[in-house]
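Going by the numbering used here, the first residue of the sequence shown is number 1, and it counts up by one from there. Idealized CB from N, CA, C, for every residue including glycine. Just so it is clear, the structure is predicted and the values come from calculations on it, not from any experiment.
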Amino acid sequence: MECLFHNEVIRPQKLDSFLADIRQRMQSGFQPIAFFGTSESLIYCFLGKTHELCLYCTPFPDPARYPSLSVDYPAFQIFERELCEEFGILPIRHPWLKSVRHPSGNKLSIEDYPFLHSDSRLIHEVGVGPVHAGVIEPGHFRFLMRGEVVEHLEIQLGWQHRGIIPMFCKGPLASKMLYAEAISGDTVIGHGSAYCGIVEELSDITAPASDLRMILLEMERVAMHLSTLSALAGDVAYIMGQNLFAALRTTVINATLSICGSRFGKRALRPGGLNYGISTSLIKDLKAKMQYCSVQIHDAAEAMFANSSLISRFDDTGTISANDALSFGFTGITAKASGIPVDARMDHPVWQYPGFLVQTESSGDVYARAHLRYMESMQSLQIILNLLDKTDPEAPCYIGLKELMPNQIAVSIVEGARGRIVHIAKSMDTQKALWYRVVDPSIVNWQALSIAVSQEQISDFPLCNKSFDLSYCGSDL
């Protein structure tokens, strides 16, 4: 069962050693990147911190149980639930052992999910979803209420579970770009970049046109942040901001359309590079559009964040403490708004970002998450403009793929708009993957929404929910 990871031989450990090494690493500042079981009957654990990654594995325990890591390190809670759901391996003393995306038990349907209930006469329940009033993804929210105050929120997902991950192991791995683009429809470039990184690492090649890949990724980040800012403004009836940010988002995604023929970046990427190059005239046009967006976003955001009625709704609403952000291993805007500077562009850089600094806020509330989206949008636009200045339109945009190196593990980490996107795979032979794993940032961050709305008015739930702006299908897979 030996394999190679970063040219090091990885051998399965005994369970006690496996758990002890994980605990030791966690005490020295590492966080779980992924924790999962595979068809080899092995449990893998990837841990990471700035510029460091480590991998441990152990055979499935017999009997199928082990002392839960979540008791001491809550960041493992969602991963241990997945492992139990998929392989029946029980984490002893897990504090919240419920299903993640499948029905809870062989004889239960998704409608039979065992929600937490209260016998108190002072508590009533409010159920929202999975079908919502807006045109949004399906998810069920069950509130335990004391009057208008939320005492507890339980989030039930899985309504969009498509079984997309096993498809990566059927047929040649290098032909699965469409599946990567479909993981989360607004994160086509993020997940597409991570998938390409897997194939290219297993093929031992370095793809050209990294500048254009970075441009597309940062444009996707700006578009998603503007979409969220528009929706947040709409939630508090700040119609000017809602309309301005929505129009600016359209400008950005239309710029993506001019590169690859898709507003969402579909068909732009391919393992080995890109499907499309970029001309001198298009570079000039993109620079003009990004400069225009930078000025307009600045003016719109400065006006919005000076609006006292808007600030009264954003400020001190839906707060996540720095301690909770660290303990639960939150990522992306969710963590950075609470002062935790986690960003794969700094911690695990795929490409070079000269002079890059992680943007953070400290208050951890709706205001912090909204303002951080503004700051990151401005930063990303400057990155795009810098890259456009040095992009060579004559440079090659594709290099032919080689066969996969058998029995190798590859990990690809990309900073998407919602946070750290992780793809992990092990090659079976020169064409196929033995297993493939995806960790979308949303599956890690949904717990933050439950924490944020506790003791808040239920009327603030839509605002809190949109401030995280998480992906349902990215979690459901």
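Rounding to the nearest angstrom, what Cα-Cα distance links residue i and residue j in this structure?
{"i": "R313", "j": "S281", "result": "44 Å"}
{"i": "V131", "j": "R142", "result": "13 Å"}
{"i": "S294", "j": "L381", "result": "7 Å"}
{"i": "A452", "j": "I320", "result": "6 Å"}
{"i": "D429", "j": "H117", "result": "50 Å"}
{"i": "C473", "j": "E8", "result": "35 Å"}
{"i": "F18", "j": "Y113", "result": "32 Å"}
{"i": "K98", "j": "E80", "result": "10 Å"}
{"i": "Q160", "j": "V128", "result": "16 Å"}
{"i": "E125", "j": "L144", "result": "5 Å"}
{"i": "E52", "j": "R121", "result": "51 Å"}
{"i": "A370", "j": "F461", "result": "15 Å"}
{"i": "G226", "j": "F87", "result": "Per the sequence presented here, residue 226 reads as Leu, with Gly not at that position. So the alpha carbons of these two residues sit roughly 40 Å apart."}
{"i": "R418", "j": "F46", "result": "20 Å"}
{"i": "F328", "j": "G185", "result": "26 Å"}
{"i": "G147", "j": "I424", "result": "45 Å"}
{"i": "A337", "j": "L372", "result": "7 Å"}
{"i": "K432", "j": "L83", "result": "23 Å"}
{"i": "L477", "j": "Q27", "result": "31 Å"}
{"i": "P59", "j": "A344", "result": "30 Å"}
{"i": "V422", "j": "A194", "result": "7 Å"}
{"i": "T256", "j": "I383", "result": "15 Å"}
{"i": "I22", "j": "M290", "result": "44 Å"}
Which word fits residue i, buried or exposed, when buried means at least 16 other C-beta atoms lie within 10 angstroms of its C-beta?
{"i": "L212", "result": "buried"}
{"i": "M240", "result": "exposed"}
{"i": "Y292", "result": "exposed"}
{"i": "T50", "result": "exposed"}
{"i": "T134", "result": "Here the sequence assigns Gly to residue 134, which means Thr is not the residue at that position. Classification for G134: exposed."}
{"i": "F356", "result": "exposed"}
{"i": "E394", "result": "exposed"}
{"i": "K14", "result": "exposed"}
{"i": "S377", "result": "buried"}
{"i": "D315", "result": "exposed"}
{"i": "I92", "result": "exposed"}
{"i": "I136", "result": "exposed"}
{"i": "K176", "result": "buried"}
{"i": "S308", "result": "exposed"}
{"i": "P354", "result": "exposed"}
In the DSSP assignment, find the unbroken alpha helix (DSSP H) run with residue i in it and report its ends.
{"i": "K466", "result": "461-468"}
{"i": "H191", "result": "188-203"}
{"i": "S99", "result": "Unbroken run through S99: none, as it is neither H nor E."}
{"i": "E220", "result": "210-235"}
{"i": "L173", "result": "Note, L173: premise wrong, no alpha helix (DSSP H); not H, not E."}
{"i": "A20", "result": "15-27"}
{"i": "F245", "result": "239-260"}
{"i": "G474", "result": "472-476"}
{"i": "L372", "result": "366-390"}
{"i": "E302", "result": "280-304"}
{"i": "I333", "result": "333-336"}
{"i": "I311", "result": "308-314"}
{"i": "L326", "result": "322-327"}
Where does the unbroken beta strand (DSSP E) through residue i begin, and where does it stop?
{"i": "W435", "result": "433-439"}
{"i": "Q408", "result": "408-415"}
{"i": "A425", "result": "420-427"}
{"i": "V350", "result": "Careful: V350 lies outside any beta strand (DSSP E) and carries neither H nor E."}
{"i": "Q31", "result": "31-37"}
{"i": "P91", "result": "90-92"}
{"i": "V126", "result": "124-128"}
Between the region 156-174 and the region 424-442, can you find at least three pairs of beta-carbon atoms closer than 8 Å? yes
If we count Cβ pairs, one from each stretch, closer than 8 Å, do we get three or more for the region 408-415 versus the region 341-350? yes
Between the region 60-69 and the region 16-33, do at least 3 Cβ pairs fall closer than 8 Å? Yes, since at least three Cβ pairs between the region 60-69 and the region 16-33 fall closer than 8 Å, the two stretches touch.
Would the region 234-253 and the region 283-302 be scored as touching if the rule is three or more Cβ pairs under 8 Å? Output reads yes: the region 283-302 touches the region 234-253.
Does the region 321-341 touch the region 252-262, meaning 3 or more C-beta pairs lie closer than 8 Å? no
Count the C-beta pairs between the region 259-277 and the region 200-212 that are closer than 8 Å, then say yes if the count reaches three, no if not. yes
Should the region 325-345 be called in touch with the region 255-263, which here means at least 3 C-beta pairs below 8 Å? no
Does the count of Cβ pairs from the region 213-221 and the region 178-195 closer than 8 Å reach three? yes
Stretch pair the region 442-450 + the region 149-164: three plus CB contacts closer than 8 Å: yes
Is the region 226-236 touching the region 465-472, taking contact as three or more C-beta pairs under 8 Å? Because the criterion of three Cβ pairs below 8 Å is met, the region 226-236 and the region 465-472 touch.
Start-end ranges of the beta strand (DSSP E) lying completely within the region 39-84, minimum 3 residues: 42-49, 52-59, 65-67
At which residue ranges does the region 131-158 contain complete beta strand (DSSP E) runs of 3 or more residues, listed in the order of the chain? List check, beta strand (DSSP E) in window: 140-146, 149-156.
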